[in-house]
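J.:
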Amino acid sequence: MDVRDLLDPAQASKLLAWMQGRALDLLGALLILVVGLWLTRRLLRALDAGLARANVEPTLRGFLRNVAHPALLIVVVIAALTAAGVPTTSVLAVLGAAGLAVGLALKDSLSNIASGVMLIVLRPFRAGDYVQAAGVEGTVEQVRVFQTHLRTPDNRAVILPNSMITAAPITNFTANPARRADIAVGVGYDDDLRQAREVLLRIAHDHPRVLREPEPKVLVTTLAESSVNLELRVWVPTADFIDVRSELVEAVRIRLIEHGLHIPYPQRDLHVYHHDADGRPLVDLLARVADDGEGDDPLRANPPVVGAADRTR
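Numbered by the numbering used here, the letters in the sequence shown go through residues 39 to 351 in order.
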C-alpha cells in the first residue's frame, strides 16, 4: 500500500520529502538505538558482576539493576529521538506530565518504593535476620522494592508493605552475635538467699553454651508478697538463644529442688482461734447454738477472732 493512498497528495509529498531529507538522520537514530540497547545489556552485566565482586548483598544488587535498566533505556531513546531530529523538549514535557499524573494515582505504591529504597540502602536488616517489624516476628526471606517477605517460626509466609515497616520501630534480634537471656526466679523468704545465688551461678557456669564474657550475674530484683525474686542474667550466642534459655529454665527448676530451695507460689493460711474476744471457748458457743436451735445466734453477738495471713511454703 502506498503512503499516498492514506494521505492527501500534499501531505504525502511533504512526508516523503521530509523522510528523504532525514534519511541519514533516521539511519543514525536506528543505529544509536541498536547500539544503545546492546551497550545497556553489557553495562548491566558489568554492574552486576562488579557488585558481586564487592560482596554487595543480592537484594541491593537486584534493586540497583532494576533502577539502572530503565534509566539507561530512557537515555538511549532520547538520544535516538534527538538524532532523528525529533524535538525532545516536548517529549520530556509530556513524559513529565504523565509521570505527575501517575505519581498522584499511585502515591501509596510510591511510598512503598521510597520505603524499599530506605530499607535497601540503610539496611536495618538483611535476608536471614530474625526481626520484629510492624508487629510481626519472623525471618527475613526477601527485601523487594514494594514489600518485604518474612517467614514466621510456625512457617507462615507474611508479606509486609515496606511503608508499614519503616513507619514502626524495627527490632533485629540477630544483629549482634550475642544476646542476654534474663531468667526470673523466685525463692521463699525462709530459704538461704546466698545459697540460691550460688546455685544459679553454678548452673550458668556449668552450661557449655553460656558465654564467659560478660560474666553471668544474679540480681535481687523484688521483695514480693510471696517470694524474693532473683534474676539470672547470662550472655549466649544469638543462634542458640532459644535452646539455651529453655535448658537453663529447666536446670533452675531441677537444681533448686535438689538443694532444698523452694520455688514459692501464693498460698493462704487461715489461723482460727479457739476462744472468742472475751476468752470463752468457742466449743461452748457452738454447743449453745446446737441446743437453742432458734433465737439469737451467740456467734453473731460474740464473733470469734479469725486471723488470715498470706505466706509461702
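Glycine is no exception: its CB is placed at the ideal position from the N, C-alpha and C atoms.
1. What alpha helix (DSSP H) runs, 4 residues minimum, are completely inside the region 206 to 292?
2. Under the assumption that V282 contacts H245 (Cβ atoms under 8 angstroms), give the Cβ distance between them as a whole number of angstroms.
3. Kindly indicate the opening and closing residues of the alpha helix (DSSP H) around I301.
4. DSSP three-state call for T126: helix, strand or coil?
5. Quick check: the region 71 to 90 against the region 105 to 123, are at least 3 beta-carbon pairs closer than 8 angstroms?
6. Going by DSSP, what residue range makes up the alpha helix (DSSP H) through T204?
7. Just the C-alpha distance for A262 and F279, rounded to the nearest angstrom, thanks.
8. How many Å lie between A90 and R164 at the Cα?
9. Pop quiz: V223 and H297 are said to be a contact at Cβ under 8 angstroms. What is the actual Cβ separation, rounded to whole angstroms?
10. Would the region 202 to 210 count as touching the region 164 to 174 if we require 3 or more Cβ pairs under 8 angstroms?
11. Using three-state DSSP, classify L296 as helix, strand or coil.
12. Return the Cβ separation of V272 and A216 in integer angstroms, given the expectation that the two are a contact with Cβ distance under 8 angstroms.
13. Name the residue from G154, R247, H187 and L231 whose alpha carbon lies nearest to the alpha carbon of S201.
14. According to the Cβ coordinates, are A118 and A67 closer than 9 angstroms?
15. Taking E175 as the reference, which of L188, R250, P304 and A152 has the closest Cα?
16. Leaving out five residues on either side along the sequence, give the residues of the same chain with a beta carbon under 6 angstroms from the beta carbon of T259.
17. Once the 5 residues before and after V113 are set aside, which same chain residues still bring their CB inside 8 angstroms of it?
18. When DSSP labels each residue in this structure, what does V94 get in the three-state scheme?
19. Give me, in chain order, the residues of the same chain whose beta-carbon lies closer than 6 angstroms to that of W76; leave out the 5 immediate sequence neighbours on both sides.
20. What's the gap between the Cα of L65 and the Cα of T78?
21. Span of the beta strand (DSSP E) holding V169?
22. With DSSP collapsed to three states, give me the class of A195.
23. Along the beta strand (DSSP E) that carries R182, what are the first and last residues, could you check?
24. If S147 sits next to F101, beta carbons under 8 angstroms apart, how far is it from one beta carbon to the other, in whole angstroms?
25. Checking 9 angstroms against the spacing of the C-beta atoms, do R235 and V256 come in under that value?
26. Can you tell me the Cα-Cα spacing of P103 and A131, whole angstroms?
27. Can you check DSSP and say which residues form a bridge with T177?
28. Shortest alpha-carbon distance to P199 belongs to which of P191, Q180 and D192?
T.: By the coordinates alone:
1. DSSP runs (the alpha helix (DSSP H)) wholly in the region 206 to 292: 231 to 244.
2. Sequence index remark: in the sequence shown, residue 282 carries index 244 (1-based). Sequence index remark: in the sequence shown, residue 245 carries index 207 (1-based). The pair is a contact, with the Cβ atoms about 7 angstroms apart (cut-off 8 angstroms).
3. Here residue 301 corresponds to residue number 263 of the sequence shown, with the count starting at 1. In this chain, I301 is not harboured by any alpha helix (DSSP H), its DSSP state being neither H nor E.
4. Locating residue 126 in the sequence shown gives position 88, counting from the first residue. T126 falls in the helix class under three-state DSSP.
5. Touching, per the Cβ criterion.
6. As a first step, residue 204 must be located in the sequence shown, where it is residue number 166. That run of the alpha helix (DSSP H) goes N200 to T204.
7. Taking the first residue of the sequence shown as 1, we reach residue 262 at position 224. Taking the first residue of the sequence shown as 1, we reach residue 279 at position 241. Rounded to whole angstroms, A262 to F279 spans 28 angstroms at the Cα level.
8. Taking the sequence shown and counting its residues from 1, the one referred to as residue 90 is at position 52. Taking the sequence shown and counting its residues from 1, the one referred to as residue 164 is at position 126. About 16 angstroms.
9. Translated into positions along the sequence shown, residue 223 becomes position 185. Translated into positions along the sequence shown, residue 297 becomes position 259. Contact between V223 and H297 does not hold, since their C-beta atoms are separated by about 13 angstroms, which reaches or exceeds 8 angstroms.
10. A contact exists between the region 202 to 210 and the region 164 to 174.
11. Position 258 of the sequence shown, counted from the first residue, corresponds to residue 296. One detail in the question is off: residue 296 reads as Glu in this sequence, not Leu. In the structure shown, E296 sits in a helix (DSSP, three-state: H, G or I).
12. Within the sequence shown, the letter at position 234 stands for residue 272. Within the sequence shown, the letter at position 178 stands for residue 216. That belief does not hold up - the Cβ atoms of V272 and A216 are roughly 10 angstroms apart, past 8 angstroms.
13. Locating residue 201 in the sequence shown gives position 163, where the first residue counts as 1. Considering only alpha carbons, the answer is G154.
14. For the purposes of this step, residue 118 is taken as residue 80 along the sequence shown, with counting starting at 1. For the purposes of this step, residue 67 is taken as residue 29 along the sequence shown, with counting starting at 1. Yes. Within cutoff.
15. By 1-based counting over the sequence shown, the position of residue 175 is 137. Minimum Cα distance to E175 is reached at L188.
16. Position 221 of the sequence shown, counted from the start, is the residue given in the question as residue 259. Sequence-distant partners of T259 (beyond 5 residues in either direction) whose C-beta falls short of 6 angstroms from its own C-beta, in its chain, are N267 and E269.
17. Taking the first residue of the sequence shown as 1, we reach residue 113 at position 75. Result list for V113: G74, in chain order.
18. The residue labelled residue 94 in the question sits at position 56 within the sequence shown. In the three-state scheme derived from DSSP, where H, G and I count as helix and E and B as strand, V94 is classed as coil.
19. Within the sequence shown, residue 76 is the residue found at index 38, counting from 1. Cβ neighbours of W76 beyond the five flanking positions: none.
20. On the sequence shown, position 27 is the one that residue 65 refers to. On the sequence shown, position 40 is the one that residue 78 refers to. Each residue's Cα considered, the two are about 20 angstroms apart.
21. For the purposes of this step, residue 169 is taken as the residue at position 131 of the sequence shown. Here the beta strand (DSSP E) through V169 covers Y168 to A171.
22. The residue you call residue 195 lines up with position 157 of the sequence shown. Note: A195 maps to strand in three-state DSSP.
23. Here residue 182 is taken as the residue at index 144 of the sequence shown, counted from 1. Membership of R182 in any beta strand (DSSP E) is not indicated, and neither H nor E is assigned to it by DSSP.
24. Start at 1 with the first residue of the sequence shown, and residue 147 comes out as number 109. Start at 1 with the first residue of the sequence shown, and residue 101 comes out as number 63. F101 and S147 do not touch by the CB rule: their CB atoms are close to 16 angstroms apart, not below 8 angstroms.
25. Residue mapping note: residue 235 aligns to position 197 of the sequence shown, counting from 1. Residue mapping note: residue 256 aligns to position 218 of the sequence shown, counting from 1. Their beta carbons are under 9 angstroms apart, which means R235 touches V256 by this criterion.
26. Translated into the one-based positions of the sequence shown, residue 103 becomes position 65. Translated into the one-based positions of the sequence shown, residue 131 becomes position 93. The residue asked about is misnamed: residue 103 is Arg in this sequence, not Pro. A straight line joining the alpha-carbon of R103 with that of A131 spans about 26 angstroms.
27. On the sequence shown, position 139 is the one that residue 177 refers to. In the DSSP assignment, the residues bridged to T177 are Y168 and R189.
28. Counting from one through the sequence shown, the residue named residue 199 turns up at place 161. Of the listed residues, the one whose Cα sits closest to P199 is Q180.
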